[in-house]
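Novice:
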Amino acid sequence: MRQTLRVFFFVLLATIFGVAVVAKNEELHDESYMKKLLKSSSLQPGVIRLTDNNFDSVVSAPRDYGLVVLLTAEAPQMGCHLCREFRPDYNLVAQSWRQEHPKGGEGLYFGVLDLRDGQKTFQKLQLKTAPNLWVYSPTVGADAGPVQPFNYEIVGVPDVPGAIIRFIESHVSGVHITIHRPRDYSKVALTVLFMVAGLGSIKYIYPFLRPVIESRAIWAGLSLVLILMFTSGHMFNNIRHTPYVAGNRDGGVQYVAPGFSSQYGFETQAIAVLYAFLTFGAISLATKTPRIPTRTKQTMAIGTWCTLVLCLFSLLLFIFRLKNRGYPFSLPPMTK
Amino acid sequence: MVLLPSSIPQSAAQALPLLKALILLTIAGAAIASRLFSVARFESIIHEFDPWFNFRATKYLVSHDFYSFLDWFDDRTWYPLGRVTGGTLYPGLMVTSALIFHTLKALTLPVDIRNVCVMLAPVFSGLTAYVTYLFTTEMKDEGAGLLAAAFIGIAPGYISRSVAGSYDNEAIAIFLLMLTFYLWIKALKLGSAFWGALTALFYFYMVAAWGGYVFITNIIPLHALVLIIMGRYSNRLYVAYSSWYSLGTLASMQIPFVGFLPIRSSEHMGALGVFGLLQLVGFSQYIRARLPSRQFKVLIMVATVGLLSLGALAVVGLTFTGVIAPWTGRFYSLWDTGYAKIHIPIIASVSEHQPTAWPSFLFDTHMLIWLFPAGVYLLFQKLRDEHVFVIIYAILGSYFAGVMVRLILTLTPVVCVCGAIALSTIFDQYTNLATPETSGEESRDGESNKEESSSSLLNISGLARAPIVGIFSPWSRVVVMGSFLVYLCMFVQHCTWVTSNAYSSPSVVLASQLPDGSTHIIDDFREAYYWLRKNTPEDAKIMSWWDYGYQIGGMADRTTLVDNNTWNNTHIATVGKAMSSREEVSYPILRKHDVDYILVIFGGLIGYSGDDINKFLWMVRIAEGIWPEEVQERNFFTPRGEYRVDEQATPTMRNSMMYKMCYYRFTELFGRQGAVDRVRNQRIPSPTTDSSATPIQLNTVEEAFTSENWIVRIYKVKDLDIFGREHAAAMAFEEGKKRGGRTIRAPPSGGRGKSKARVLRV
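Here the protein sequences come in this chain order: U and W.
Position 170 (the first sequence) corresponds to 175 in the numbering used here; numbering is contiguous.
Position 678 (the second sequence) corresponds to 679 in the numbering used here; numbering is contiguous.
#1: Determine whether the Cβ of W371/W lies closer than 7 Å to any Cβ atom of chain U.
#2: Do you know how far the Cα of E584/W is from the Cα of F318/U?
#3: Inspect the CB distances between the segment 536-546 of chain W and the segment 516-525 of chain W and report whether three or more fall short of 8 Å.
#4: Under a CB-based cut-off of 7 Å, is F381/W close to chain U?
#5: In terms of alpha-carbon separation, which member of Y609/W, P629/W and E143/W lies closest to S582/W?
#6: Can you tell me where the beta strand (DSSP E) holding E669/W begins and where it ends?
#7: First and last residue of the beta strand (DSSP E) that includes R54/U?
#8: At least one CB of chain U closer than 7 Å to the CB of G403/W: is that the case?
#9: Enumerate, from N- to C-terminal direction, the unbroken alpha helix (DSSP H) stretches of 4 or more residues contained entirely within the segment 171-195 of chain W.
#10: Would a C-beta distance cut-off of 7 Å place T133/W and M179/W closer than the cut-off?
#11: Could you tell me the boundaries of the beta strand (DSSP E) in which G137/U lies?
#12: By the three-class DSSP mapping on this structure, what secondary structure does K60/W have?
#13: Within its chain, find whatever has a CB closer than 7 Å to the CB of L72/U; leave out the 5 residues flanking it on each side and keep chain order.
#14: Which word fits K661/W, buried or exposed, when buried means at least 16 other C-beta atoms lie within 10 angstroms of its C-beta?
#15: Within its chain, find whatever has a CB closer than 8 Å to the CB of S610/W; leave out the 5 residues flanking it on each side and keep chain order.
#16: Indicate, with yes or no, if the ligand GTP has a heavy atom lying under 6 Å from the CB of L606/W.
#17: Are the segment 393-403 of chain W and the segment 266-286 of chain U touching by the rule of at least three beta carbon pairs closer than 8 Å?
#18: Hey, how far is the Cα of L138/U from the Cα of I159/U?
#19: Whole beta strand (DSSP E) runs in the segment 631-679 of chain W with 3 or more residues, listed along the chain?
#20: Spell out whether any CB of chain U is found under 7 Å from the CB atom of S35/W.
#21: Are G83/W and D76/W close, meaning C-beta to C-beta below 7 Å?
#22: Is there a C-beta anywhere in chain W that falls below 7 Å from the one on C316/U?
#23: Kindly confirm or deny that the segment 398-407 of chain W and the segment 309-325 of chain U touch, where touching means at least three C-beta pairs closer than 8 Å.
#24: Please name the residues in the segment 555-589 of chain W whose beta-carbon is closer than 9 Å to at least one beta-carbon of chain U, in chain order.
#25: Under 7 Å, do Y131/W and L19/W count as touching if we go by C-beta distance?
#26: Identify, in the order they occur along the chain, each residue of the same chain with its Cβ nearer than 7 Å to the Cβ of H388/W, setting aside the five sequence neighbours on each side.
#27: Identify the contact partners of P360/W in chain U, using a Cβ-Cβ distance below 7 Å as the criterion.
#28: Exposed or buried, which one is M231/W when buried takes at least 16 other CB atoms within 10 Å?
#29: Out of T138/W, Y239/W, D113/W and F667/W, state which residue places its alpha-carbon closest to the alpha-carbon of A188/W.
#30: Could you say which of Y531/W, R673/W, I590/W and T305/W lies nearest to I553/W if we only look at CA atoms?
#31: Please confirm whether V480/W has its beta-carbon closer than 7 Å to some beta-carbon of chain U.
#32: Do you know offhand how far L309/W's Cα is from A201/W's?
#33: Which residues of chain U have a Cβ atom closer than 8 Å to the Cβ of H728/W, listed in chain order?
#34: Starting from G146/W, trace the alpha helix (DSSP H) both ways and give me its first and last residue.
#35: Please report the straight-line C-alpha distance between T236/U and T284/U, rounded to a whole angstrom.
#36: By a C-beta neighbour count over all protein chains shown, 10 Å radius and 16 as the cutoff for buried, is I211/U buried or exposed?
Listed below in structure tokens is the structure:
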């Protein structure tokens, strides 16, 4: 009930506004109207909520301000992932501008028209896809631009906010936006809290921690894990965001990436485990087996380790040959 | 490598040094010989790209004196800006070969400077093997040392950068790296200022030779810091570090390219910080001997907190005021690899800066890659001061090698050292001929020992364990030794195969196999560069993508706009824009930069995949970074997001200067079957097979030279039209087309006009 009332009230208000605006359509749209909108109907700081009712009036010429409009469809039933992905970047740009100009837009305004609020507008503009980012440059003043907006093509570039800003700056003259990423104070507070708690607790658990810190075995293990991780291509996965496994043409699962300079997550883990066993074999042969004090046990252990190293090394070279077809060397048992 | 029984005859003991020297000489010989594949196959030639610049600079140094070399302003590159070459290079490499050249000349051995440059890297790799032997001997014993020397001598990870002709900074830098590390270990062990000063001396040489000196600048302080934290501060450490740091830093600042970086840039701050810390620790040790312990504790607490906060404040303050240089791009690309991708397309475009997939590690070090962690583990057992160094080096080296392919080079020495330590420990165990005596009691002893070691898991002294008893069965010895000897033989085969197949191509001359198995030499690059040298005026300006700048400067001796130095991103973007725009847009750019010739690399005819069309997207990206309005990467992709050069290619692609210059008259080579680009396996629209296709027309440039296999194509930029017309209009006029496009052919009159249809212009 309350909801409908609110909607009703809003529609009423918007209609009045719309009528009022339409009435003086030919007059110059100056910033005061935009400032009012910015105060009255902001979605986020610096982002005006546009609707069918106010859209025409804010974009209509002549205008003395630049306007950036995101036409989007974020409702979950629309299933537009890109819309939801793009929005935070857009908000960041708008907020950065707002932060630099706390009094009002001062020449540049950011708005969002969602399909829910603007079905008529979407139809009128014959928009079939979303999201769209349009930049309207001012039509009066020294650097007046055309009435029609410029369309920013939303494509996957590495630095989306930067690309948006470059686009805006090139069409609305005299505008310079620097990005202010909002600091997440809760994170800072949490970090500080953890550090204080950590430092405090160290004092109490240090007697228990001390043997761990001073344990050579733990440091040795840690070092080996790090080295094995790095030499089996972990950083590559980290940088390139490689998939864990991939599907092949027959619909099965492909564990080993073809090609010398590509790899999958699973593949590197398998290689790391292989390396670890081979390393452990070498360590055992070097330090463990000569300490076994009985003859049969020792001979058996040495035989086992030697066989294991041979088989695993052979397997390693086998996988390597999968990636590098021309590689000629192999070890038994996997010589094919 | 064998623990010799004490009963060896004295004469044999006397022969040991001789044997060692012989082994080391053989290793050095093998190291040099395995790097000569390319000389044997092709000729004594400088490889790739950067070496050509180093070669050119060396020639300059040999023909001028040292000071004019340092003051060298090169106006034949980066036209019209020029480059302050003397102040922006690492002179170590050139000075080394110039010294060798002059020494040989003084000995009346006339050697061409080119041969000195070609052979420098192999010779220094022999020295590297010797230094690695010394270094590893400090870590374990001479047996391990000899193994390590053999490994580093032929490990592909190092060969990749040091084959004959690969005349680059790394050629001497790895030798200097290992020598500096060896001297540092020596200085630390002896606590000697003399060895510390020697460390500083060769550190200076390293700074003069390679930008990778920063690795040393950080790893030695880190070693010192870890030792302090471990409670292993000693006067030896104090003396060694202080003498190295103070002398080394002062010396390194003498290199013009380095200048005041060591006290300003953040990469060097660690060394300075540890130096300060060491003074404080040294001072507190001094005080401790003179104060009661309670007062000392209070003093230490107050001093630590006060100094730490002061130091942190100072660093933050200095960074904000700009006294300390901000973190440089290279630094970021090493730690935050995403940063480089977004902000520095040039760094991202260089294939050497790509992360390393696991096959590269195996390819470059073979079995050592899994012996390497075993060696690190063994170092943890003794954990002397110098072992800590190798462990730190191992972890850092692996990380850097994982982030950047080219840094496998700095990882390889430590892989060889650790691998040698692991392998020589195994050999020690299984070649020790003393057989243990078996008895029932011993086995019981073993049981009790086992319990003991498991109960002392958190033993501070580390990995406490049962005593070594030795090997019982001779068969065990045979199996272990035999299998590892087989692996070693495989290692040698692998190294030879990799060197021969992957790392011995000069990339200036290409070799391909003909169907009958014989080798066919493709020498297009030199053909084209010599054409330029012989057929163009000496002050001609050549525009090409930056990859070929050094080669054009070195081989063709012509002025270039951009080269591999990549110091000016905007200038490179200008070239990128000229290549990726339409002719009408490019022509003014070409005129403004006085470009006479444009050189493009095209592999479509013989399937050479490293050509400009494949690099084209980087040109577009770099140009887009500066002119996002005029050049846009997405316009080069089809609506389906594909990068195509066939009839589906986008209009932007097809009208770009680069596309036109690559495929100009390409289709004429093919008959009815149609023109196919062999790199991209796409069909180029050809007027002979497809009536809708129009032949590519070039208005502002004309073809000047195309090499035998079409790899290099050179175009001459036309002068302004003599009547002041647009080039396209002038061309149309020449071809007999009026602006309106109406042409009338005169009927053949008599016998004269039979073959040539004359064109009348109405």
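Ideal Cβ placement from N, Cα and C applies to all residues, glycine included.
Specialist: Reading off the structure:
#1: yes
#2: 57 Å
#3: no
#4: yes
#5: P629/W
#6: That residue, E669/W, is in no beta strand (DSSP E); it is neither H nor E in DSSP.
#7: V52 to L55
#8: yes
#9: 171-191
#10: yes
#11: One point to set straight first is that residue 137/U is Asn, not Gly, in the sequence displayed. Here the beta strand (DSSP E) through N137/U covers N137 to Y141.
#12: helix
#13: V63, V64, Y114, G116 and Y141
#14: buried
#15: G604 and V680
#16: Ligands displayed in this structure: none; no statement on the ligand GTP is therefore possible.
#17: no
#18: 7 Å
#19: 676-678
#20: no
#21: yes
#22: no
#23: no
#24: none
#25: no
#26: M140 and L380
#27: F265, F325, K328 and N329
#28: exposed
#29: Y239/W
#30: Y531/W
#31: yes
#32: 28 Å
#33: Per Cβ cutoff of 8 Å: no residues; H728/W is ~30 Å from chain U at best.
#34: E143 to I155
#35: 13 Å
#36: The amino acid occupying residue 211/U in the given sequence is Tyr; Ile does not appear at that position. Y211/U is exposed by the Cβ-count criterion.
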